[in-house]
Amino acid sequence: MKNCFKEGAIKSQFIGESIAKHQTKKAIGAHQIFLGQVRQDIIDEKEVMAIEYSAHMDIANKVFEEIREAAFAQFDLTCMHIYHSLGTVKAGEICLFVFVSSPRRKVVFEALEYIVEAIKADVPVFGKEIFEDESHQWKKNS
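The numbering used here applies: residue 1483 is where the sequence shown begins, and numbers increase by one.
Spelled out as C-alpha cells, the structure:
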C-alpha cells in the first residue's frame, strides 16, 4: 500500500516534477490537478496562521487506496496520484495535491471532483488550526 503522506507543505518543485514525469506517457490527452491550500481564515477575530495535520496513517492510506480503486473502476484514468501533508503547514502553503490523467479531458474533471470529495468525506485526516496568539482548535471541514 502506498504512503500518500508528505511531511510538511507540498512544495511546488515536487508538483512540477510530478507533472514532468508524465510527458513521456503519450496515451494521455488530459491532466487535471487539485491543490488544497491552507487559508488564513479569521475565526472569532483570530487569524489562522497554520494547520497542524495528523492522521491515522494506516487507516488513511487504506482509505486513499479504496478511493483510488473506486476512481479507476468508475473513470477511464491512466494515472492518479494523491499526496496529503502531515505536520504543520502555514497559511498559503499547499496541503493536498491530487493529480489525475486520462486519454480524454472530460473524464479528468469528473474524476477529480469525485476524488477530492471522497477524500474530504472519508479519509481520517485531522487538522488543528493554529492562531496568531498560538491558541488552537480542531478544524471543521466545510
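We put the beta carbon where it would ideally sit given N, CA and C, even for glycine.
DSSP three-state assignment for ILE1541, whether helix, strand or coil: For ILE1541, the three-state secondary structure derived from DSSP is helix.
Using the Cα positions of PRO1606 and ARG1550, report the straight-line distance between them to the nearest angstrom. Looking at the two C-alpha atoms, the distance is approximately 15 Å.
Measuring alpha carbon to alpha carbon, tell me which of PHE1546, GLN1495, ARG1587 and LEU1578 ends up nearest THR1560. Among PHE1546, GLN1495, ARG1587 and LEU1578, the Cα nearest to that of THR1560 belongs to ARG1587.
Rounded to a whole number of angstroms, what is the C-alpha to C-alpha distance between ASP1523 and GLU1529? Linking ASP1523 to GLU1529 through their CA atoms gives a straight-line distance of about 6 Å.
Who are the Cβ neighbours of HIS1618 in its own chain at under 7 Å, not counting the five residues just before and after it? Here the set comprises LYS1610, GLU1611 and ILE1612.
Buried versus exposed, by CB contacts within 10 Å (16 or more), HIS1513: Around the beta carbon of HIS1513, 16 or more other beta carbons lie within 10 angstroms, which makes this residue buried.
Cβ shell of ILE1515 (< 6 Å), same chain only, five flanking positions each side left out: Here the set comprises PHE1581.
If you measure between the beta carbons of ALA1502 and ILE1576, is that distance less than 8 Å? No, they are not a contact pair.
Once DSSP output is grouped into helix, strand and coil, what is the label at ILE1597? Note: ILE1597 maps to helix in three-state DSSP.
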